[in-house]
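Peer 1:
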Amino acid sequence: MSPDGKSRVLRLIQQKNLADFWRLALTPRLNWSMGNGDTLSWQSLIDFYRNVNWGRDHETAAPEDASQYPDNNYRASSHTGLLRSDLSWAHRIDADSKLNAKLGLNYNKRETDYNFYGYPLGQSQAFNRHVVSNAIDSSVSSSGKYLSRFRDGHSLALGWDVTQTQRSETRAQYDRQPHAAGIDTLFEDYQANVRRVAVFAQDEWDVTSHLQAYLGMRWEGLNTETAGRLMSSVQTRSSVWSPVMQLLWKLPELEKDQLRFALSRTYKAPTTRSLVPRRYTANNDNGPNNPDFQGNPQLLPELAWGADLAYESYFAKNSMFSLSAYVKRVQDVTVQNLYERNGVWITTPFNNGKARVMGLEFDAKFSLQDLLPASVPLEVRLNAARNWSRLDAIPGPDNRLTDQVPLTANLGMDYKRSEQQSFGFNFNLQTGGNVQVTPGLRNYTGVSRILDLYGLWKLEKKTQLRLSVSNLLHQDVLQSSQFSDQDGRQSRSSVTPGSATIRLQFEKSL
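Each residue of the sequence shown is one higher than the one before, counting from 22 in this note's numbering.
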């Protein structure tokens with residue numbers, strides 16, 4: 022749309038996508054109780070899945086307004102293997118001291134073969150882009166806490182949290198233009214490493230029988246390193262000292278009610294995908310509303326001061342409700358930088374200024390029989406959260422965090438008909454709305470409503486059958502974006518039909 026409000030380009034795109042999905046998952050778990058009182062638990066997830074996607078686009082527009090490939094189609098197949106394993110150890114040193122430690126391993130490998138065929142207007146021979154890629158994410162983590170009572174009312178807590186995360190990617194791209202004999206090639210490989218080390222010491226103090234305080238200090242350091250075939254190695258290092266303060270006050274005349282207050286300084290490390298400068302391309306109709314994505318190896322962590330206040334009431338067995346509020350001031354907040362280079366639009370994450378974040382949350386769960394003894398055995402879950410944010414570097418209105426949901430609400434119920442049968446549902450609501458991503462780009466997301474149902478039948482002691490229906494409302498997903506500059510305004514909208522999923526699971530514990 023031009024500055025005078027007249028439409029200059031109008032395109033209608035009909036898109037169809039299909040997918041075939043195959044999956045096999047195992048979740049073994051073992052627990053040991055040792056003679057000296059120690060406990061050891063091991064749980065893992067082994068997951069293999071194959072995904073085949075194919076689809077096509079058909080564009081309706083005047084010849085002078087058509088995109089580069091008004092008719093195009095693609096086919097992609099991917100194979101993914103996931104291994105996640107955690108080992109936890111609890112050791113009682115003496116009557117006043119104990120140690121808890123945890124070791125975690127994670128490995129994820131994805132291989133993808135992708136073909137895109139785009140037909141220029143009036144031509145029967147296609148442009149072909151063939152991309153073969155793989156990505157490997159692996160991590161090793163260790164965490165633990167030593168707790169010892171060293172004087173009346175005081176317990177010393179020492180702990181650590183160490184994580185080493187690595188992502189390696191390789192990508193080979195082969196482009197064949199219509200009526201061309203040669204093939205253009207591009208080979209990329211990248212590796213990103215994120216090392217996070219945190220240690221803390223705190224005094225867990227029983228001030229009175231109604232007041233508990235947790236006071237201490239935490240140090241956290243972060244190193245990132247990104248390297249690749251087409252770039253020089255980039256390293257970032259940062260660290261921060263953070264106070265640890267939390268107060269828990271049990272109300273004197275209401276023993277089951279309590280207040281919590283916490284002051285914290287948190288450190289949010291960038292993901293390895295955000296660090297790797299591999300280009301994720303839009304094969305057709307690249308523009309400010311449909312840009313390429315590229316990581317930023319110089320991305321820094323977000324640092325935030327935060328305060329939380331919560332009121333909790335445990336009014337009956339297995340029943341409670343809480344009301345909480347939080348406020349944060351985030352430094353070096355991650356936003357998107359949208360720019361044009363050699364006629365190609367690209368978006369990349371970068372650190373820019375500060376943000377104010379706040380929210381309210383209500384949470385409750387209770388048995389209806391606790392309130393009405395003569396009622397049916399019905400378990401009820403309620404949750405609602407309202408969130409706000411404002412970014413200093415982005416002009417308003419709607420200059421909030423792009424991944425923040427303004428309002429979420431959940432309602433769930435479980436009806437236990439007998440020891441062998443139970444039924445239930447969960448309804449989830451998430452609002453969307455407008456968000457100002459950059460000074461020129463504005464996105465909109467529609468409201469999401471999801472209803473899930475389930476039925477559970479216990480056939481014998483360790484065997485059960487579960488029937489579930491997900492997304493029963495199969496609501497359409499609405500998304501749109503609008504980019505404005507001195508040359509006018511560009512808008513892009515999409516509606517994705519929703520679908521329900523029926524699943525029948527047979528579960529047996531060994």
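Glycine is no exception: its CB is placed at the ideal position from the N, C-alpha and C atoms.
Whose C-alpha, out of L207, Q198, I523, V456, is nearest the C-alpha of P141?
Peer 2: Counting from one through the sequence shown, the residue named residue 141 turns up at place 120. Per the Cα distances, Q198.
Peer 1: Measure the Cβ-Cβ separation of L428 and R402 and say whether it is below 8 Å.
Peer 2: On the sequence shown, position 407 is the one that residue 428 refers to. On the sequence shown, position 381 is the one that residue 402 refers to. For L428 and R402, no; Cβs fall outside 8 Å.
Peer 1: Counting C-beta neighbours from all protein chains within 10 Å, is the total for I204 16 or more, i.e. buried, or is it exposed?
Peer 2: Translated into the one-based positions of the sequence shown, residue 204 becomes position 183. Exposed.
Peer 1: With a cut-off of 8 Å, do at least 3 Cβ pairs link the region 101–111 to the region 58–68?
Peer 2: yes
Peer 1: V378 to A325, Cα distance in whole Å?
Peer 2: For the purposes of this step, residue 378 is taken as the residue at position 357 of the sequence shown. For the purposes of this step, residue 325 is taken as the residue at position 304 of the sequence shown. Rounded to the nearest angstrom, the two C-alpha atoms are 10 Å apart.
Peer 1: Among I471, Y167, F42, F314, which residue has its Cα nearest to the Cα of W75?
Peer 2: In the sequence shown, residue 75 corresponds to position 54, counting from 1. Per the Cα distances, F42.
Peer 1: Would you call the region 129–149 and the region 163–179 touching, i.e. three or more CB-CB distances under 8 Å?
Peer 2: no
Peer 1: Could you say which of A395, K386, T368 lies nearest to G461 if we only look at CA atoms?
Peer 2: Here residue 461 refers to the residue found at position 440 of the sequence shown. Of the listed residues, the one whose Cα sits closest to G461 is T368.
Peer 1: Compare the Cα-Cα distances from G509 to each of Y301, L207, P309, S263 and report the closest residue.
Peer 2: Translated into the one-based positions of the sequence shown, residue 509 becomes position 488. Of the candidates Y301, L207, P309, S263, the residue whose Cα lies closest to the Cα of G509 is P309.
Peer 1: Check whether the Cβ atoms of D413 and Q457 sit closer than 8 Å, and answer yes or no.
Peer 2: Stepping through the sequence shown from its first residue, residue 413 is reached at position 392. Stepping through the sequence shown from its first residue, residue 457 is reached at position 436. No; because the gap between Cβ atoms is not below 8 Å, this pair is not in contact.
Peer 1: Under the three-state reduction of DSSP, which class applies to T459: helix, strand or coil?
Peer 2: Within the sequence shown, the letter at position 438 stands for residue 459. Three-state result, T459: coil.
Peer 1: With a 10 Å radius around its C-beta and 16 neighbouring C-beta atoms as the bar for buried, classify F387 as buried or exposed.
Peer 2: Taking the sequence shown and counting its residues from 1, one reaches residue 387 at position 366. With 16 or more other Cβ atoms within 10 Å, it is buried.
Peer 1: Identify, in the order they occur along the chain, each residue of the same chain with its Cβ nearer than 6 Å to the Cβ of T484, setting aside the five sequence neighbours on each side.
Peer 2: The residue labelled residue 484 in the question sits at position 463 within the sequence shown. Within the same chain, Cβ atoms closer than 6 Å to the Cβ of T484 are found at K529, the five residues on either side in sequence being excluded.
Peer 1: Within 10 angstroms of the Cβ of A202, are there 16 or more other Cβ atoms? Answer buried if so, exposed if not.
Peer 2: Within the sequence shown, residue 202 is the residue found at index 181, counting from 1. Counting Cβ neighbours within 10 Å, A202 comes out exposed, since fewer than 16 surround it.
Peer 1: Would DSSP call R350 helix, strand or coil?
Peer 2: Against the sequence shown, residue 350 aligns to sequence position 329. Strand, per DSSP.
Peer 1: If you draw a straight line from the C-alpha of R524 to the C-alpha of N339, how long is it?
Peer 2: Within the sequence shown, numbered from 1, the residue matching residue 524 stands at position 503. Within the sequence shown, numbered from 1, the residue matching residue 339 stands at position 318. For R524 and N339, the distance between alpha carbons rounds to 30 Å.
Peer 1: Roughly how many angstroms lie between the CA atoms of V73 and S98, to the nearest whole one?
Peer 2: Numbered from its first residue, the sequence shown carries residue 73 at position 52. Numbered from its first residue, the sequence shown carries residue 98 at position 77. Using only the alpha carbons, I get a separation of about 4 Å.
Peer 1: Excluding the 5 residues preceding and the 5 following S263 in the sequence, name in chain order all residues of the same chain whose CB lies nearer than 8 Å to its CB.
Peer 2: Counted from its first residue, the sequence shown places residue 263 at position 242. Excluding positions up to five away in sequence, the list reads M238, R239, W240, E241, S285, R286, T287, Y288.
Peer 1: With DSSP run on the structure shown, which of helix, strand or coil describes D86?
Peer 2: Position 65 of the sequence shown, counted from the start, is the residue given in the question as residue 86. Looking at D86 - three-state DSSP - the assignment turns out to be helix.
Peer 1: Excluding five sequence neighbours on each side, which residues of the same chain lie with their C-beta closer than 6 Å to the C-beta of T452?
Peer 2: The residue given as residue 452 occupies position 431 in the sequence shown. Hits under 6 Å: P427, L428, V468.
Peer 1: Check for me: the beta strand (DSSP E) holding T229 runs from which residue to which?
Peer 2: Within the sequence shown, residue 229 is the residue found at index 208, counting from 1. Where T229 is concerned, there is no enclosing beta strand (DSSP E), given that its DSSP letter is neither H nor E.
Peer 1: Take Q425 and list the residues in its own chain whose beta-carbon comes closer than 7 Å to its own, dropping the five residues that flank it on each side.
Peer 2: In the sequence shown, the residue the question calls residue 425 occupies position 404. Around Q425: N408, S410.
Peer 1: Check whether the Cβ atoms of Y195 and L120 sit closer than 8 Å, and answer yes or no.
Peer 2: In the sequence shown, counting from the first residue as 1, residue 195 sits at position 174. In the sequence shown, counting from the first residue as 1, residue 120 sits at position 99. It is not a contact, given that the beta carbons lie outside the stated cut-off.
Peer 1: Could you check which residue in S163, N449, I34, G58 has the C-alpha nearest to that of D473?
Peer 2: As a working note, residue 473 is residue 452 in the sequence shown. Nearest of S163, N449, I34, G58 to D473, Cα basis: N449.
Peer 1: Specify the secondary structure class of Q496 as computed by DSSP and reduced to three states.
Peer 2: Within the sequence shown, numbered from 1, the residue matching residue 496 stands at position 475. Correct three-state label for Q496: coil.
Peer 1: What are the boundary residues of the beta strand (DSSP E) that includes S253?
Peer 2: Here the question's residue 253 lines up with position 232 in the sequence shown. Run containing S253: 252–271, per the beta strand (DSSP E) assignment.
Peer 1: Since M238 sits in a beta bridge, which residues does DSSP pair it with?
Peer 2: The residue labelled residue 238 in the question sits at position 217 within the sequence shown. Paired residue(s): A222, P264.
Peer 1: Compute the beta-carbon to beta-carbon distance between K277 and Y335, rounded to the nearest angstrom, for a pair I have assumed lies under 8 Å.
Peer 2: Walking along the sequence shown from the start, residue 277 turns up at place 256. Walking along the sequence shown from the start, residue 335 turns up at place 314. Sure, about 5 Å apart at Cβ, within 8 Å.
Peer 1: By Cβ distance, which residues of its chain are closer than 8 Å to S154, with the 5 residues on each side in sequence left out?
Peer 2: As a working note, residue 154 is residue 133 in the sequence shown. Result list for S154: E132, T133, Y135, E190, T191, R192, A193, in chain order.
Peer 1: Taking only three categories from DSSP, how would you classify D508?
Peer 2: As a working note, residue 508 is residue 487 in the sequence shown. Residue state, collapsed to three classes: coil.
Peer 1: Using the Cα positions of Q279 and E481, report the straight-line distance between them to the nearest angstrom.
Peer 2: Within the sequence shown, residue 279 is the residue found at index 258, counting from 1. Within the sequence shown, residue 481 is the residue found at index 460, counting from 1. Using only the alpha carbons, I get a separation of about 41 Å.
Peer 1: So, does the region 288–307 touch the region 244–251, judging by three or more C-beta pairs under 8 Å?
Peer 2: yes
Peer 1: Using the Cα positions of R350 and G374, report the straight-line distance between them to the nearest angstrom.
Peer 2: Along the sequence shown, one-based indexing puts residue 350 at 329. Along the sequence shown, one-based indexing puts residue 374 at 353. Straight-line Cα distance between these residues: approximately 11 Å.
Peer 1: So, helix, strand or coil for Q319, using DSSP?
Peer 2: Start at 1 with the first residue of the sequence shown, and residue 319 comes out as number 298. Secondary structure at Q319: coil, using DSSP grouped into helix, strand and coil.
Peer 1: Please report how far the alpha carbon of N363 lies from the alpha carbon of G519, in whole angstroms.
Peer 2: Residue mapping note: residue 363 aligns to position 342 of the sequence shown, counting from 1. Residue mapping note: residue 519 aligns to position 498 of the sequence shown, counting from 1. Each residue's alpha carbon lies about 38 Å from the other.
Peer 1: Pick out whichever of V516, N52, S501, S254 has its Cα sitting closest to the Cα of H495.
Peer 2: Numbered from 1 along the sequence shown, position 474 holds the residue referred to as residue 495. Looking at the Cα atoms, V516 is the closest of the given residues.
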